[in-house]
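Just so we're aligned, residue 0 is where the sequence shown starts under numbering that gives the first Met the number 0, counting upward by one.
For glycine and all other residues, C-beta sits at the position ideal for the given N, C-alpha and C.
Accompanying notes for the structure given below.
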Amino acid sequence: MQVVIVESPSKAKTIGKYLGKDYEVLASYGHIRDLPSKDGSVDPEQDFKMLWESDAKSKSRVKEIVDAVKAADGVILATDPDREGEAISWHLYDVLAQKKALKDKKVQRVAFNAVTKKAVQEAIANPRDIDQDLVDAYLARRALDYLVGFSLSPVLWRKLPGSRSAGRVQSVALRLICERELEIEKFVAEEFWTVEAQVTANSDPFTARLTHLDGEKLGKFSLTTEADGARAKALIEAADFSIASVEAKPTKRNPSAPFTTSTMQQEASRKLGFTAKRTMQAAQRLYESGLITYMRTDGIDMAPEAVMACREEIKSRYGERFVPASPRMYKSKQKNAQEAHECIRPTDFSKHPDDIKAGEDEAKLYRLIWRRSVACQMASAELEQTTIDIRSSDDKIAFRATGSVITFEGFIAVYTEGKDDEEEEKQGVLPKVEPGTPAIVSNVKPEQHFTQPPPRFTEASLVKALEENGIGRPSTYASIISTLQDRNYVRMDKNRFIPEDRGRIVTAFLENFFGKYVEYDFTAQLEETLDEISAGKENWRAFLARFWEEFHAKIEDMTGLRITEVLDVLNEALGPHIFPDKGDGTDPRLCPTCGEGQLSLKVGRYGAFIGCSRYPDCKHTRQLGKDAQEAPEDRVLGIDPDTSTEVSLKSGRFGPYVERAPQSEDEKPKRASIPRGWNPQEIDLDKALMLLNLPRDVGPHPEDGQTIEAGIGRFGPFVKHGKTYASLESVDDVWEIGINRAVTLIADKIANPRGRGRAAAKPKKELGKHPDTDEVVGLYDGRYGPYVKHGKTNATIPKDINPDEITLEQALALIADKETKKPTKKKATKKKAAKKKATKKKATKKATKKTTKKAAPKADAAD
């Protein structure tokens, strides 16, 4: 018996079907150990010795693997064909050796690019050793990221309280987003005009654009005012025109290369609206189910047998005309591309997207991959490009019209990059006209335009920028983006990244104090070195020693730097953003409250904010950011009729708020923040009192008579009954909700405490109703494979049952078997109580023994 170890249960299940009874396939569930998140996990003083730990779940899986290996004849490590896969195999081998599970057993490493029967069996027949160069590259990357993160983050925490951690690659990606935002803020729009007209020349009318005026070729900014546009229009309307030339020439468009990880993420973002993380999760499931090749790759090469299979599919599905005379060969332009890695493609081109059974995300992504892969081997699209030039009789004014028509679709019949599949490739068909024909130019339209700032990054454009700058690797893009969002350094608005103030401060700090380490070229050079390590051309420990010597010295230099010095640098670097010019010539940093102090960045427990230099004499504070400059000035709104005290609108460190003055010196003022979505400029006395008088009594609960309240808390609007809180959809609901709806929301919250959590999964297929409860029994696709569910009981479907063919009777048997194996609460309680009693007894015995030992010397001394 051979034990085969892979990463995931679904991959294990697929491979198990291919290998038969002589093999037991187990899953490691990814890495079985990692560097613990504590200081000292990588020790530069001991030649970068690394300490590895397994969590509780990994320990149980390791035990299962160790037990299986001890009883087996040999071990086959069949993890993914990349650095991470090689590292997982290395970890497994190392742990098995430490546990003395291997002894004289043969350990083999196999790798395959697709989870198909042929690929798996060929890999098993051609094993190899663990590639130590790939493992060394993994060790170097993990140590490098750890040393940067665990050295740089504490500096951030000390010098910028409230900041989160700083990662090696994430910080550079954040810089990209922040620099783009700065470009947008500095951008000044410029006006320009264009002129279009309708032209006829014994033909149907067509649209042409003005290209020459006064005998000069027009540039983008040749016409910059409305007067320029009006003058051009007048000259055109006074001139006579004719067709100067007509040029029609055939052109070709070639298909795009097949998918790499990066291009797949970009296209899935543009066409499907998928995040990078969602794309990779769907691709992982497609790979493990044997539908596509390995999805972490930067190679665009396609295996020869796959190319021939693709050409056969094109011929049978679209016709011989769509198959080019010779196969298309693609070579990556990316500097660090690993050409040995194949592109992402279907494992079987005959499996059309309409014929596969998969989840919604997987089906959409498979369709995208299939079309792109098929299109890359199809014939070029053929178009006829037509250009018509129209000139005035004095040759001083000229128009041009361009159009194209598809004469043969070629690959466009299947796929077009960056466009929806339904979008037609049409640029406009021009009518047939003859040179020398008089032309009538009418309906002359001068149009005003303004230059646009560079757009904010989408996930697709950010991934493209990361790839172009050599930042990270294809497999890391999704985690880079997730990390930036998790740390609240960036946010998404209309599918575009906007840097938060926290992110901009961190970027400014790193650029000014650790500039070299967030440079694009430096980060790209590190990636190149890691590639050299994986190719066996560089020693990983020597590389780390060189990096650490310089980086550690830089960290040490920061020790004596005072926070005030850091803030002075950040005030200068972020000045245009946090102290924007008011436009009236006044000092943008002058405190608006006291008129004497200078505004400056301050740091507190919850991060950075703007405060006055005359603190504590002046307590002016406001939130960070450009929008905060537009916050309302403090003003009195009126007198509260119930308390006869002033109600004011004020701006604080956490934004604008309303305040009711206290009735006595011992009383504190009552305050309430302005809810999100309310314009502070529109707050009047009535609205202020609405906020200050919260929480509002909705009414008594019909069951216990206890009052239900409505209010606004740190997590938004809510209703409250006792200790139960239920969220409201909008702030307005706080004043509009009635007792019936409030009772329903409270009841729903009690029934579903995680009301804001993930929605319950929908069954892939309803098998029927349970005979005892009349509840539906469903078939579900789970993270670790298919299962059936009834009520709260989930039962995994065994390998020998096809999930798509499972019957209600089979499902009921699995559910019944699972329910009989469930431990009862009574047994668990007894076990827990017995354990507690034993622990207590042991502790008492230990304490008695300890006391006896302590008392003995005293007795000797007394004697």
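query                                                                                                                                                                                   : result
Along the chain, which unbroken stretches of the beta strand (DSSP E) at least 3 residues long are found entirely within the segment 140-219?                                           : 190-199, 205-212
In the DSSP assignment, what residue or residues form a beta bridge with Gly715?                                                                                                        : Gly712
Would you identify the three-state DSSP class for Asp530, choosing helix, strand or coil?                                                                                               : helix
Can you look up Pro8 in the DSSP assignment and give me helix, strand or coil?                                                                                                          : helix
Looking at the strands, I want to know which residues DSSP matches up with Tyr22.                                                                                                       : Gln1
Can you give me the C-alpha to C-alpha distance between Ala275 and Tyr476, rounded to a whole angstrom?                                                                                 : 7 Å
For the segment 253-273 against the segment 455-466, do three or more pairs of beta-carbon atoms, one drawn from each stretch, fall closer than 8 Å, so that the two count as touching? : yes
Check whether the segment 225-232 and the segment 295-309 are in contact - that is, three or more C-beta pairs closer than 8 Å.                                                         : no
Could you check which residue in Thr457, Lys722, Ser726 has the C-alpha nearest to that of Lys716?                                                                                      : Here residue 716 is Pro; the residue named in the question, Lys, does not match the sequence. The shortest Cα separation from Pro716 among Thr457, Lys722, Ser726 belongs to Ser726.
Can you check which of these residues, Arg390, Arg140, Arg634, is closest to Ile235 by C-alpha distance?                                                                                : Arg390
Kindly indicate which residue of Met557, Ile64, Pro434, Ala86 has the alpha-carbon position closest to the one of Gln131.                                                               : Ala86
Could you tell me the boundaries of the beta strand (DSSP E) in which Lys788 lies?                                                                                                      : 784-789
Should Thr13 go down as buried or exposed, given a rule of 16 or more other Cβ atoms within 10 Å for buried?                                                                            : buried
What are the uninterrupted segments assigned as beta strand (DSSP E) that are 3 or more residues long and contained completely in the segment 578-613, given in chain order?            : 598-603, 606-611
Would you tell me roughly how many angstroms separate the C-alpha atoms of Met301 and Cys342, rounded to the nearest one?                                                               : 6 Å
Looking at Ser162 and Arg490, is the spacing between their C-beta atoms short of 8 Å?                                                                                                   : no
Beta carbon of Thr415, beta carbon of Ser403: below 8 Å?                                                                                                                                : no
Taking all protein chains shown into account, do 16 or more other C-beta atoms lie within 10 angstroms of the C-beta of His551, making it buried, or fewer, making it exposed?          : exposed
Secondary structure at Asp626, three-state DSSP: helix, strand or coil?                                                                                                                 : Its pLDDT being 46, under 50, Asp626 is placed unreliably in this model, and the value from its coordinates should be taken loosely. Helix, per DSSP.
Mind checking whether Glu6 and Ala67 have CB atoms under 8 Å apart?                                                                                                                     : no
Mapping DSSP to helix, strand and coil, what is Glu681?                                                                                                                                 : helix
Can Asp72 and Lys104 be called in contact, C-beta distance under 8 Å?                                                                                                                   : yes
Are the beta-carbon atoms belonging to Val864 and Gly289 less than 8 Å from one another?                                                                                                : Absent from the structure is residue 864, since the part of the chain shown begins at 0 and ends at 862.
Helix, strand or coil for Ile480, going by three-state DSSP, please let me know.                                                                                                        : helix
Does the distance from the C-beta atom of Ala400 to that of Val198 stay below 8 Å?                                                                                                      : yes
Report the rounded CA-to-CA distance for Pro454 versus Arg495, giving the unit in angstroms.                                                                                            : 9 Å
For Leu151 and Asn511, I'd like the C-alpha separation in whole angstroms.                                                                                                              : 14 Å
Could you check if Pro770 is buried or exposed, using at least 16 other CB atoms within 10 Å of its CB as the buried criterion?                                                         : exposed
Between the segment 236-243 and the segment 346-359, are three or more C-beta pairs nearer than 8 Å?                                                                                    : no
Whole angstroms are fine: how far does the CA of Val61 sit from the CA of Trp677?                                                                                                       : 55 Å
Let me know if Met49 comes out buried or exposed under the rule of 16 or more other beta-carbons within 10 Å of its beta-carbon.                                                        : exposed
Based on Cα-Cα distance, which residue from Arg695, Pro661, Asp639 lies nearest to Asp683?                                                                                              : Asp639
Could you check if Asn112 is buried or exposed, using at least 16 other CB atoms within 10 Å of its CB as the buried criterion?                                                         : buried
Would you mind giving the Cβ-Cβ distance between Phe621 and Ser650, rounded to the nearest angstrom? I have them listed as a contact below 8 Å.                                         : Checking the displayed sequence, the identity of residue 621 turns out to be Arg instead of Phe. Contact holds; Cβ gap of about 5 Å.
Just checking, does the segment 807-818 make contact with the segment 782-792 on the three C-beta pairs under 8 Å criterion?                                                            : yes
What's the call for Val440, buried or exposed, on a 16-neighbour Cβ count within 10 Å?                                                                                                  : buried
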